[in-house]
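Using the working numbering, count along the sequence shown one by one with no gaps and you end on 1126.
All C-beta atoms in this analysis are idealised placements derived from N, C-alpha and C, irrespective of residue type, glycine included.
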Amino acid sequence: MSEVGFGVIGVGTWGRLHAEVYASTRGARLQAVCDADEARAVAVAEECGGAAYARYDELLDDPMVQAVSVVLPDFLHAEACLAAIRRGKHVLVEKPLATSEDEALQIVEAARTAGITLMVDFHNRWSPMFCALKAALTVGDIGSPRYAYYRLNDTIYVPTGMLPWAGRSTVAWFLASHCLDTLLWLFDARSAAQGGQGDLPVRLNCVTRSGVLTQERGVSTPDLYLTTVEWRSGLVTLIENCWILPEGEPSVFDLKCDVIGSRGAFHIDGSHHGAARLIGSGAANPDVLVAPRIHGRPTGFAAESIRHFADCIARKAEPMVDGIDGLAVTRLILLMEESAKRGCAVEVGELYAT
Ligand SMILES: NC(=O)c1ccc[n+]([C@@H]2O[C@H](COP(=O)([O-])OP(=O)(O)OC[C@H]3O[C@@H](n4cnc5c(N)ncnc54)[C@H](O)[C@@H]3O)[C@@H](O)[C@H]2O)c1
773 MSEVGFGVIG
783 VGTWGRLHAE
793 VYASTRGARL
803 QAVCDADEAR
813 AVAVAEECGG
823 AAYARYDELL
833 DDPMVQAVSV
843 VLPDFLHAEA
853 CLAAIRRGKH
863 VLVEKPLATS
873 EDEALQIVEA
883 ARTAGITLMV
893 DFHNRWSPMF
903 CALKAALTVG
913 DIGSPRYAYY
923 RLNDTIYVPT
933 GMLPWAGRST
943 VAWFLASHCL
953 DTLLWLFDAR
963 SAAQGGQGDL
973 PVRLNCVTRS
983 GVLTQERGVS
993 TPDLYLTTVE
1003 WRSGLVTLIE
1013 NCWILPEGEP
1023 SVFDLKCDVI
1033 GSRGAFHIDG
1043 SHHGAARLIG
1053 SGAANPDVLV
1063 APRIHGRPTG
1073 FAAESIRHFA
1083 DCIARKAEPM
1093 VDGIDGLAVT
1103 RLILLMEESA
1113 KRGCAVEVGE
1123 LYAT
């Protein structure tokens, strides 16, 4: 099998993982990386392989790059995706696909016209915990789902110390995007939208609060969003996303999910990673699930989703998550913002229409 050449656009915290995965995946070759911070690009290329560029146009001009990961700040995804698609490259874009409906539609349409593969990296679909929940729902172990609670929060370090661009995004784009895609997938919304089995969101109510980040930390972004989604079947889901957990938390994120059904319940505690706890000067839960490096090789479900893209490109197969899934999530986050602004519930229209 000939190797596919991959490029990574943006090698900050998360792009570095993409580079490591391509460099360690059979059938894939890390051809090039790019970062506006050229020293960062050079350091990642030295460690993982490939050429280093400061401008992504240069990376996209390389004919040996057949597919790229776009791992830029949320609000820069659209321009880079469209540039890559114009040059015929397959694209794996980090969540969210884009931060406006118009941009999301443009990307989906451009990919369709160019005949390239477009995947959005909603990696919770590879999480062992959510896959077990999906299996339980599919076989009917908990009966019909009536209520779901999904909380995905970060410590305040994320918007103040990790993401220099947090003031140009929100915890809704950064974290609710994961929750919404997971719920749409768990309850088969796309199938329902096409007339098949499944459930569809019909109404959404969102409350947001600001203050800690803006006034005390000087980062212009809301502290939290609480979102209720009502589904066609009567199911109600409550999603909680905040960016102000104290830094002393043992994990940078806190993930809990409970699904209560007519005959049972399923509980997920994703923050404690199930297995490991380190007690030194403070308590920590080392990552053994999301992207741990095992004997130097990136593994875990976040690496798995990137490998899925590499595998789909090599096999010319359709990825499990595509641009239309990304479009649906972008639409829901825009509805969250609209609901919060208007102070009332909003109806959810067609999520998957292009
Ligand atoms: N950090 C996480 O845990 C995480 C997890 C999953 C997904 N993501 C997603 O990945 C994306 C990137 O997040 P991150 O945490 O890696 O951010 P980051 O700030 O660490 O990395 C972004 C990189 O993009 C570079 N960059 C900015 N503008 C550029 C341009 N025009 N051309 C080339 N390079 C440019 C920056 O120099 C930086 O190195 C976001 O969409 C985020 O939502 C992040």
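Alpha-carbon spacing of D829 relative to G822, whole angstroms: Using only the alpha carbons, I get a separation of about 16 Å.
Continuous alpha helix (DSSP H) stretch holding L1104: start and end: 1095 to 1114
Three-state class that DSSP yields for M891 in the structure shown: Note: M891 maps to strand in three-state DSSP.
V793 beta carbon less than 8 Å from that of V974: no
Local conformation of K906 per DSSP, three classes: helix
Range of the contiguous beta strand (DSSP E) that encloses H1039: 1037 to 1041
Closest Cα partner of R981 within the set V805, W1015, T889, L802: W1015
Beta strand (DSSP E) segment containing L864, residue limits: 862 to 866
A1048 - DSSP class collapsed to helix/strand/coil: coil
Straight-line Cα distance separating V943 from T932: Computed Cα separation, rounded: 12 Å.
Contact shell at 5 Å, judged by CB to any heavy atom of ligand 1, ordered along the chain: Counting only residues whose CB is nearer than 5 Å to a non-hydrogen atom of ligand 1, the list in chain order is G782, G784, T785, W786, D807, A808, D809, V843, L844, D846, E866.
Start and end residues, alpha helix (DSSP H) containing T954: Element bounds for T954: 949 to 958.
Given D1094 as reference, the closest of D960, L869, E1019, K861 once Cα atoms are compared: The residue with the shortest Cα to Cα distance from D1094 is L869.
The alpha helix (DSSP H) enclosing R801, as first and last residue numbers: It is not in any alpha helix (DSSP H) - R801 instead sits in the beta strand (DSSP E) that spans 800 to 806.
Burial state of L934 (16 or more Cβ within 10 Å): Just to set this straight, residue 934 is Met in the shown sequence, not Leu. M934 is exposed by the Cβ-count criterion.
Exposure label - E875; buried when at least 16 CB within 10 Å: buried
Coil, strand or helix - D1026 by DSSP: strand
Rounded separation between L854 and Q878 - CA only: 8 Å
Sub-8 Å separation of K861 and V843 beta-carbons: Not in contact: K861 and V843 (Cβ atoms no closer than 8 Å).
Rounded separation between G915 and L1027 - CA only: 24 Å
Whole-Å CB distance - E873 paired with R1103, under 8 Å assumed: The beta-carbon separation of E873 and R1103, rounded to 6 Å, stays under the 8 Å limit for a contact.
Three-pair Cβ contact test at 8 Å for the stretch 979 to 995 versus the stretch 885 to 905: Judged by Cβ distances under 8 Å, the stretch 979 to 995 makes no contact with the stretch 885 to 905, as fewer than three pairs qualify.
Straight-line Cα distance separating R1035 from T797: 42 Å
Cβ shell of D913 (< 7 Å), same chain only, five flanking positions each side left out: G1036
Presumed contact (8 Å Cβ cut-off) between Y1124 and A965, rounded CB distance: Between A965 and Y1124 the Cβ distance is about 5 Å, and since that is below 8 Å, they are a contact.
Y922, enclosing beta strand (DSSP E) - first and last residue: Run containing Y922: 917 to 926, per the beta strand (DSSP E) assignment.
Cutoff 6 Å; reference D834; Cβ partners in own chain excluding five residues on either side: A804
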